[in-house]
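A.B. asks: Residue numbers (our numbering), protein chains in the order written: chain A, 1 to 368; chain B, 369 to 537; chain C, 538 to 654.
Glycine is no exception: its CB is placed at the ideal position from the N, C-alpha and C atoms.
Since the structure is predicted, the reported quantities are computational estimates derived from the model, not experimental observations.
Before we start, here is the structure in question, set down as structure tokens.
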Amino acid sequence: MDWASLAEWTLKSFALIFALLGGFAYLTLFERKLIARFQVRIGPNRAGPFGLLQPVADGIKLIFKEELIPAQADKIIFILAPIITVVPALVIMAVVPFGPPIQLFGRTISLQIIDLNVGVLYIMAIASVSVYGIVLAGWSSNNKYATLGGIRSSAQMISYELALGLAFTGPVLLTSSLSLAEIVEAQRHIWFVLYQPVGAFIFWISTLAEVNRAPFDMPEAEQELTAGYHTEYSGMKFALFFMAEYIKMIAVSAIAVTLFFGGYRGPFVDQVPLLGPIYFLLKVVGFLFLMVWVRATLPRIRYDRLMAFGWKVLFSLALGNAMLTALGVLLADMFQNSLWLWSIPVTTIAFFLLVAYLMRGSIAGGNR
Amino acid sequence: MSVDYVLFGGLALVTILSALGMLFSRNAVYSALYLIFNFSTIAVLYLMLSAPFIALAQITVYAGAIMVLFLFVIMLLGAEQRGQAVRTWWMQPLALGLAGILIFEAIYLIFTHRTSFPPLRQAVGDLGNPLQIGEQLFSNYLLAFEAVALLLLVAVIGAIFLSRGRKLR
Amino acid sequence: MSEYLPLVVLFILSTLVAAIAVALGHLFGPRRPTERKLQPYESGMTPFGPGTRRMPVRFYLVAVLFILFDIEVVFFIPWAVVYRKLGLFGFVEMLLFAGILEIAFVYAWKKGALEWE
Numbered sequence: 001m002d003w004a005s006l007a008e009w010t011l012k013s014f015a016l017i018f019a020l021l022g023g024f025a026y027l028t029l030f031e032r033k034l035i036a037r038f039q040v041r042i043g044p045n046r047a048g049p050f051g052l053l054q055p056v057a058d059g060i061k062l063i064f065k066e067e068l069i070p071a072q073a074d075k076i077i078f079i080l081a082p083i084i085t086v087v088p089a090l091v092i093m094a095v096v097p098f099g100p101p102i103q104l105f106g107r108t109i110s111l112q113i114i115d116l117n118v119g120v121l122y123i124m125a126i127a128s129v130s131v132y133g134i135v136l137a138g139w140s141s142n143n144k145y146a147t148l149g150g151i152r153s154s155a156q157m158i159s160y161e162l163a164l165g166l167a168f169t170g171p172v173l174l175t176s177s178l179s180l181a182e183i184v185e186a187q188r189h190i191w192f193v194l195y196q197p198v199g200a201f202i203f204w205i206s207t208l209a210e211v212n213r214a215p216f217d218m219p220e221a222e223q224e225l226t227a228g229y230h231t232e233y234s235g236m237k238f239a240l241f242f243m244a245e246y247i248k249m250i251a252v253s254a255i256a257v258t259l260f261f262g263g264y265r266g267p268f269v270d271q272v273p274l275l276g277p278i279y280f281l282l283k284v285v286g287f288l289f290l291m292v293w294v295r296a297t298l299p300r301i302r303y304d305r306l307m308a309f310g311w312k313v314l315f316s317l318a319l320g321n322a323m324l325t326a327l328g329v330l331l332a333d334m335f336q337n338s339l340w341l342w343s344i345p346v347t348t349i350a351f352f353l354l355v356a357y358l359m360r361g362s363i364a365g366g367n368r
Numbered sequence: 369m370s371v372d373y374v375l376f377g378g379l380a381l382v383t384i385l386s387a388l389g390m391l392f393s394r395n396a397v398y399s400a401l402y403l404i405f406n407f408s409t410i411a412v413l414y415l416m417l418s419a420p421f422i423a424l425a426q427i428t429v430y431a432g433a434i435m436v437l438f439l440f441v442i443m444l445l446g447a448e449q450r451g452q453a454v455r456t457w458w459m460q461p462l463a464l465g466l467a468g469i470l471i472f473e474a475i476y477l478i479f480t481h482r483t484s485f486p487p488l489r490q491a492v493g494d495l496g497n498p499l500q501i502g503e504q505l506f507s508n509y510l511l512a513f514e515a516v517a518l519l520l521l522v523a524v525i526g527a528i529f530l531s532r533g534r535k536l537r
Numbered sequence: 538m539s540e541y542l543p544l545v546v547l548f549i550l551s552t553l554v555a556a557i558a559v560a561l562g563h564l565f566g567p568r569r570p571t572e573r574k575l576q577p578y579e580s581g582m583t584p585f586g587p588g589t590r591r592m593p594v595r596f597y598l599v600a601v602l603f604i605l606f607d608i609e610v611v612f613f614i615p616w617a618v619v620y621r622k623l624g625l626f627g628f629v630e631m632l633l634f635a636g637i638l639e640i641a642f643v644y645a646w647k648k649g650a651l652e653w654e
């Protein structure tokens, strides 16, 4: 171990963490401004020009807020839970490449914390651990609404994790690698979303449920649960849950971009490496815009329908998508002709329509 | 002996301490937390043996899935506070005896089969590469792989049968 | 082990940042607890009954089914990596594996284990 590498890792880690924290701060403003526009309002515009200092004001306010720990709460877990929620959100992006390697001070620096050869599995592992903060927050509050909210949203998260895991198999089948850097490299000529339209769709829906965003924002179903698992939290500890949710939004958008939308790839990236992070950022912002748009448009789904949708529709779709992708790859390899890969979008979309036809009414229309 | 072994020893100590914490916690939720921590340190041990695939599968399945079930069951029963446990006289001697045999076995194996301490990587080889895992799974362990599917099928039927209350058809 | 050190650095720094954020709130926030404030919040009603109570068995069933199908998903990953080497053989093998689990899935569906009442 040499000190230069250690310094590089530390700097890169700090850069990632502060990029995510800054991204979180301005994502809240971005969302409030956009939602306001959707509702024909102006949104925050007092703190600084165009309200640009609003996140700073919010942060300062939250630090100086009184914090309550309910008398009946389990104090240790009550304090640990926000930390357990935030850390997975901060580390999940470690395997995502932000751009091609660049030359700096005579060192080749890859714009990625670590290129694991099991990167996809790393994402699955961290996503599966991120349930605990929410369960523990609900349980330790010793409040019936908080406990129910915590268990509800964790049951929701694990249910959608299955479809999420299966959606990963599409890009992995096409590249035969679990390294995200190699998956991006394989999309040099064509984005995987064209081969995997249904896969990308499943991925996006299940990540919405995974980060508890509208229309799957069960923990915040205030009519039923006051505020869900963070009912009893206030001040900075509440801010940490908020932070985890928004950082996860950024993280899943970045992962979706990497797996299906060419990552940092774009015109002239090979000539000018610094364009890579810019393309990446633009694509991520596009996804974040979509998430806000969905929140502004769709009402919250009832809990029984949400679970039925995750288990029946999304899981079946994801399984069919994985097998049909495998079939397309098999045909392309057997006939030595990559044109056969285009059978994947045809068959998967046909399968998607079939499932949608069979399921009509059973989820959205009827009671069960 | 190398740095690897020192790290390994330290981590093994943490693993054992977290297991003890699990055993001696009075609150079942704390026990579950210690167990999650224990599983995670075991995953790090796999990483040190250059088996990243197994390490991450360990976290996904054990720390991520099975422990969620444990926490749910604890909350389901409201069993956080340990009530008066049913004790049988032969439980403690039996457990101590079994633990003794296990420790003796481990010590015996270490001192008869290990004369040197090669670097950890050499000792294990390159087992954790996902490509090799896949190749092994679909050649030498094919039957086991298909048997897993059957086992899971049986488990699904069992789980549904056991939790079948009044309402299931 | 050394190749995972960047990850270790990131984990340590992330935990530090989260802990510092919690500590900041503790340091600068005022603290004027009253008995009423420390009660569980139930939208202004006087709280009744214990805070944590028994949960419906549904959640247990969801968690068990999740474990079983999660193992299936984890097996899909190494299969997807070697798939292009295995060719037709790999496809048939996975069809068998997924087919058996599909029986389990259909069984769960027909028994109503996927319904939420």
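Could you tell me which chain A residues have their CB closer than 9 Å to the CB of Asn497 of chain B, listed as they occur along the chain?
C.D. replies: Within the second sequence, the letter at position 129 stands for residue 497 of chain B. Here the neighbours are Asn117, Val118.
A.B. asks: Quick check on Leu638 of chain C - is its C-beta less than 8 Å from some C-beta in chain B?
C.D. replies: Against the third sequence, residue 638 of chain C aligns to sequence position 101. So yes, Leu638 of chain C belongs to the interface.
A.B. asks: Against Ile404 of chain B, what residues of chain A qualify as contacts under a CB-to-CB distance less than 9 Å, listed in chain order?
C.D. replies: Here residue 404 of chain B corresponds to residue number 36 of the second sequence, with the count starting at 1. Per Cβ cutoff of 9 Å: Val129, Tyr132.
A.B. asks: Once the 5 residues before and after Ala635 of chain C are set aside, which same chain residues still bring their CB inside 6 Å of it?
C.D. replies: Here the question's residue 635 of chain C lines up with position 98 in the third sequence. Excluding residues within five positions, none has a Cβ falling inside 6 Å.
A.B. asks: Would you say the segment 174-187 of chain A touches the segment 300-313 of chain A, given that touching needs at least three Cβ pairs under 8 Å?
C.D. replies: Taking 8 Å as the limit for Cβ pairs, the verdict is that the segment 300-313 of chain A does not touch the segment 174-187 of chain A.
A.B. asks: What's the gap between the Cα of Ala163 of chain A and the Cα of Ile255 of chain A?
C.D. replies: Within the first sequence, the letter at position 163 stands for residue 163 of chain A. Within the first sequence, the letter at position 255 stands for residue 255 of chain A. One C-alpha to the other measures close to 15 Å.
A.B. asks: Decide if Asp2 of chain A is buried, meaning its Cβ has at least 16 other Cβ atoms within 10 Å, or exposed.
C.D. replies: Here residue 2 of chain A is taken as the residue at index 2 of the first sequence, counted from 1. Exposed: under 16 other Cβ atoms inside 10 Å.
A.B. asks: In three-state terms, what does DSSP make of Thr108 of chain A?
C.D. replies: Residue mapping note: residue 108 of chain A aligns to position 108 of the first sequence, counting from 1. In this structure, Thr108 of chain A counts as strand in the three-state DSSP scheme.
A.B. asks: Less than 6 Å between C-beta atoms, sequence neighbours within five positions excluded: which residues of the same chain meet that for Ala411 of chain B?
C.D. replies: Taking the first residue of the second sequence as 1, we reach residue 411 of chain B at position 43. Excluding residues within five positions, the ones whose Cβ falls inside 6 Å are Ala423, Gln426, Ile427.
A.B. asks: On the CB-based measure, 16 or more other CB atoms within 10 Å of its CB, does Phe529 of chain B come out buried or exposed?
C.D. replies: For the purposes of this step, residue 529 of chain B is identified with residue 161 of the second sequence, where counting begins at 1. So Phe529 of chain B counts as exposed.
A.B. asks: Quick one, are the C-beta atoms of Ser408 of chain B and Ala380 of chain B less than 8 Å apart?
C.D. replies: Residue numbering aside, residue 408 of chain B sits at position 40 when the second sequence is read from its first letter. Residue numbering aside, residue 380 of chain B sits at position 12 when the second sequence is read from its first letter. In this structure, Ala380 of chain B does not lie closer than 8 Å to Ser408 of chain B by Cβ.
A.B. asks: Buried or exposed, going by whether 16 or more other CB atoms sit within 10 Å of the CB of Ala227 of chain A?
C.D. replies: As a position in the first sequence, residue 227 of chain A is number 227, starting the count at 1. Answer is buried; the Cβ neighbour count reaches 16.
A.B. asks: If you follow the alpha helix (DSSP H) that Glu266 of chain A is in, where does it begin and where does it stop?
C.D. replies: Here the question's residue 266 of chain A lines up with position 266 in the first sequence. In the sequence on display, residue 266 of chain A carries Gly and not Glu. Here Gly266 of chain A belongs to no alpha helix (DSSP H), and DSSP marks it neither H nor E.
A.B. asks: Does any residue of chain A bring its CB to less than 8 Å from the CB of Ile614 of chain C?
C.D. replies: Your numbering for residue 614 of chain C matches position 77 in the third sequence. With 8 Å as the cut-off, Ile614 of chain C counts as an interface residue toward chain A.
A.B. asks: Using 8 Å as the threshold, is the C-beta distance between Ala244 of chain A and Ser141 of chain A below it?
C.D. replies: Within the first sequence, residue 244 of chain A is the residue found at index 244, counting from 1. Within the first sequence, residue 141 of chain A is the residue found at index 141, counting from 1. Not in contact: Ala244 of chain A and Ser141 of chain A (Cβ atoms no closer than 8 Å).
A.B. asks: Go through its chain and collect everything with a Cβ distance to Tyr26 of chain A's Cβ below 7 Å, but skip five positions before and after it.
C.D. replies: Along the first sequence, one-based indexing puts residue 26 of chain A at 26. Contacts found: Pro55.
A.B. asks: Give a yes or no on contact between the segment 275-287 of chain A and the segment 230-247 of chain A, applying the rule of three or more CB pairs nearer than 8 Å.
C.D. replies: No: the two stretches stay apart, fewer than three of their Cβ pairs being nearer than 8 Å.
A.B. asks: Give the DSSP bridge partners of Gln103 of chain A, in chain order.
C.D. replies: Numbered from 1 along the first sequence, position 103 holds the residue referred to as residue 103 of chain A. Note: Gln103 of chain A sits in a beta bridge opposite A:Thr108.
A.B. asks: Can Gly627 of chain C and Phe421 of chain B be called in contact, C-beta distance under 8 Å?
C.D. replies: Numbered from its first residue, the third sequence carries residue 627 of chain C at position 90. Numbered from its first residue, the second sequence carries residue 421 of chain B at position 53. Their beta carbons are not under 8 Å apart, which means Gly627 of chain C does not touch Phe421 of chain B by this criterion.
A.B. asks: Are the Cβ atoms of Tyr597 of chain C and Phe440 of chain B separated by less than 8 Å?
C.D. replies: As a first step, residue 597 of chain C must be located in the third sequence, where it is residue number 60. As a first step, residue 440 of chain B must be located in the second sequence, where it is residue number 72. Result yes, Cβ atoms of Tyr597 of chain C and Phe440 of chain B sit closer than 8 Å.
A.B. asks: In chain C, which residues lie with their C-beta within 7 Å of the C-beta of Trp340 of chain A?
C.D. replies: Translated into positions along the first sequence, residue 340 of chain A becomes position 340. Residues of chain C passing the Cβ test: none, with the nearest at roughly 13 Å.
A.B. asks: Three or more C-beta pairs under 8 Å: does that hold for the segment 90-98 of chain A against the segment 106-120 of chain A?
C.D. replies: With a cut-off of 8 Å, the segment 106-120 of chain A and the segment 90-98 of chain A count as touching, because enough Cβ pairs lie within range.
A.B. asks: Check Asn395 of chain B in the structure and name its three-state DSSP category.
C.D. replies: Walking along the second sequence from the start, residue 395 of chain B turns up at place 27. DSSP places Asn395 of chain B in strand when its eight states are reduced to three.
A.B. asks: Measure from the C-beta of Val643 of chain C to each C-beta in chain B and report whether the shortest distance is under 8 Å.
C.D. replies: The residue labelled residue 643 of chain C in the question sits at position 106 within the third sequence. No, no contact with chain B.
A.B. asks: Just to make sure I have the definition right: I need the residues of chain B whose C-beta is within less than 7 Å of the C-beta of Trp311 of chain A. Which are they?
C.D. replies: To locate residue 311 of chain A, count along the first sequence from 1; it is residue 311. Neighbours of Trp311 of chain A on chain B: none; closest Cβ ~13 Å, over 7 Å.
A.B. asks: Counting only the same chain and skipping the five closest in sequence on each side, list residues whose C-beta sits under 6 Å from that of Gly51 of chain A.
C.D. replies: What you label residue 51 of chain A is simply residue 51 of the first sequence in a count that begins at 1. Here the set comprises Pro44, Asn45.
A.B. asks: Express the C-alpha separation of Phe30 of chain A and Phe216 of chain A in angstroms, rounding to a whole number.
C.D. replies: Within the first sequence, residue 216 of chain A is the residue found at index 216, counting from 1. Within the first sequence, residue 30 of chain A is the residue found at index 30, counting from 1. Whole-angstrom Cα-Cα distance: 20 Å.
A.B. asks: Ala645 of chain C and Leu651 of chain C - do their beta-carbons sit closer together than 8 Å?
C.D. replies: Counting from 1 along the third sequence, the entry for residue 651 of chain C is found at position 114. Counting from 1 along the third sequence, the entry for residue 645 of chain C is found at position 108. A contact, by the Cβ cut-off of 8 Å.
A.B. asks: Here's the rule: buried if 16 or more other CB atoms are within 10 angstroms of the residue's CB, otherwise exposed. What is Gly263 of chain A?
C.D. replies: Translated into positions along the first sequence, residue 263 of chain A becomes position 263. So Gly263 of chain A counts as buried.
A.B. asks: How many Å lie between Leu415 of chain B and Thr147 of chain A at the Cα?
C.D. replies: Translated into positions along the second sequence, residue 415 of chain B becomes position 47. Translated into positions along the first sequence, residue 147 of chain A becomes position 147. Cα-Cα distance, rounded: 35 Å.
A.B. asks: Does Ala125 of chain A get closer than 8 Å to chain B when you measure Cβ to Cβ?
C.D. replies: Position 125 of the first sequence, counted from the start, is the residue given in the question as residue 125 of chain A. At least one chain B Cβ lies under 8 Å of Ala125 of chain A.
A.B. asks: Kindly indicate which three-state DSSP category Ser531 of chain B falls into: helix, strand or coil?
C.D. replies: Position 163 of the second sequence holds residue 531 of chain B. Three-state result, Ser531 of chain B: coil.
A.B. asks: Does the count of Cβ pairs from the segment 62-80 of chain A and the segment 567-577 of chain C closer than 8 Å reach three?
C.D. replies: Flag = yes, the segment 62-80 of chain A and the segment 567-577 of chain C touch.
A.B. asks: Quick one: grab the DSSP three-state call for Leu543 of chain C.
C.D. replies: As a working note, residue 543 of chain C is residue 6 in the third sequence. First, the amino acid is wrong: residue 543 of chain C is Pro here, not Leu. DSSP places Pro543 of chain C in helix when its eight states are reduced to three.
A.B. asks: Around the C-beta of Glu609 of chain C, are 16 or more other C-beta atoms found within 10 angstroms, so that it is buried, or is it exposed?
C.D. replies: Position 72 of the third sequence holds residue 609 of chain C. With 16 or more Cβ atoms within 10 Å of its Cβ, Glu609 of chain C is classed as buried.
A.B. asks: Check each candidate in A:Leu121, A:Tyr145, A:Gln156 and name the one with the smallest Cα separation from Leu306 of chain A.
C.D. replies: Walking along the first sequence from the start, residue 306 of chain A turns up at place 306. Of the listed residues, the one whose Cα sits closest to Leu306 of chain A is A:Gln156.
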